[in-house]
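Below is one structure, written out as structure tokens, with a few remarks after it.
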Amino acid sequence: VTAARGERGGRADRSYSLARRGAGMADDENILQELSGGTGGDNMVNEFATYEDYLDSQISATDLYYLEDEDLARHLVELGYRGSGETLKREEFEARKRAAEQARLSKLRAEPKALASAGKDLSNSPLLAALAEREEMVRNGKLTTIIFLRDRNSKGQEVSGYIDFAHRLKAENLEPYFEGKRKLLPKPADLSFYNWETQTSTSNHTPNFQVIADNESGLLFKNKRDRKVINVDPKAKPGDNSRRIEISTHEYVQAVLYDHVTRRKT
């Protein structure tokens, strides 16, 4: 109860290919350069989920009729006796496959994540305006923010709790909140939650914070990146590289932000 009340209460490889393993091994870095040069090979590699699928695409029904053996047909394709053009060895195919996936992931990481608060009119919401100011820094890991909220839910029950802003940004689409379509409130899955009517109390670790609920100093949150502890007792200092900001707003009974500048422990 103390933890939640917070501010208020104080598949497999074929054997025939093993004999050829090690021959013509392509270097992943060179393949990456080739892929970035816009060769048609990456499209071909992306078209097939496995090397066997790639070999099968070059085997005709006539080949299978005369050979009567799928593995033999694949082996002949790999040796270059069937198919059109130069056939990739398994190692080359798999290296290109890995490189194509790396290139895809790098591109995704390079694309900026659209901000949930971008372009929203937040002039009538001091809390959402304050969160909008922090969103980009929280997304890129320079800042972590814990949101303490106390208000009534849709059933009229008073609830309070602490929200890991970074975790909510990743776990949920917050755009409806910034659009004013939904009201941001603590949930049982957040860092901590307390329903004053039902006396339901929960606490949960997140990827960013460890909940310390049995400390004599009260509820504490340990940042998992730099190991610094944030004290949410309003009468105590919040801790190193942390600050407490009370938000003056008519939307909530109480709204407080705890900002922590994250610095990786060396």
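Here my numbering is used: the first residue of the sequence shown is 12, the next is one more, and so on.
Positions of the beta carbon are idealized from the N, C-alpha and C atoms, including for glycine.
Only a predicted model underlies this, so the values are computations on that prediction, with no experimental measurement involved.
Check: Separation of Lys-233 from Leu-185, as counted between CA atoms; Outcome: 24 Å
Check: Expected contact under 8 Å - CB spacing of Ala-177 and Val-222 to nearest Å; Outcome: Ala-177 to Val-222, Cβ: 15 Å. No contact.
Check: Given 8 Å, three or more beta-carbon pairs between the segment 196-213 and the segment 130-139; Outcome: no
Check: As assigned by DSSP and simplified to three states, the class of Val-267; Outcome: strand
Check: Stretch-stretch touch, CB-based, cutoff 8 Å, three pairs: the segment 78-94 with the segment 106-117; Outcome: no
Check: Beta carbon of Tyr-269 nearer than 8 Å to that of Leu-160; Outcome: no
Check: DSSP-derived helix/strand/coil call for Asp-201; Outcome: coil
Check: Assigned secondary structure, Gln-210 (DSSP; H/G/I helix, E/B strand, else coil); Outcome: coil
Check: Distance, Phe-104 Cα to His-271 Cα; Outcome: 47 Å
Check: Residue(s) in a DSSP beta bridge with Gln-221; Outcome: Lys-233
Check: Asn-219 vs Asp-251 beta-carbon contact at 8 Å; Outcome: no
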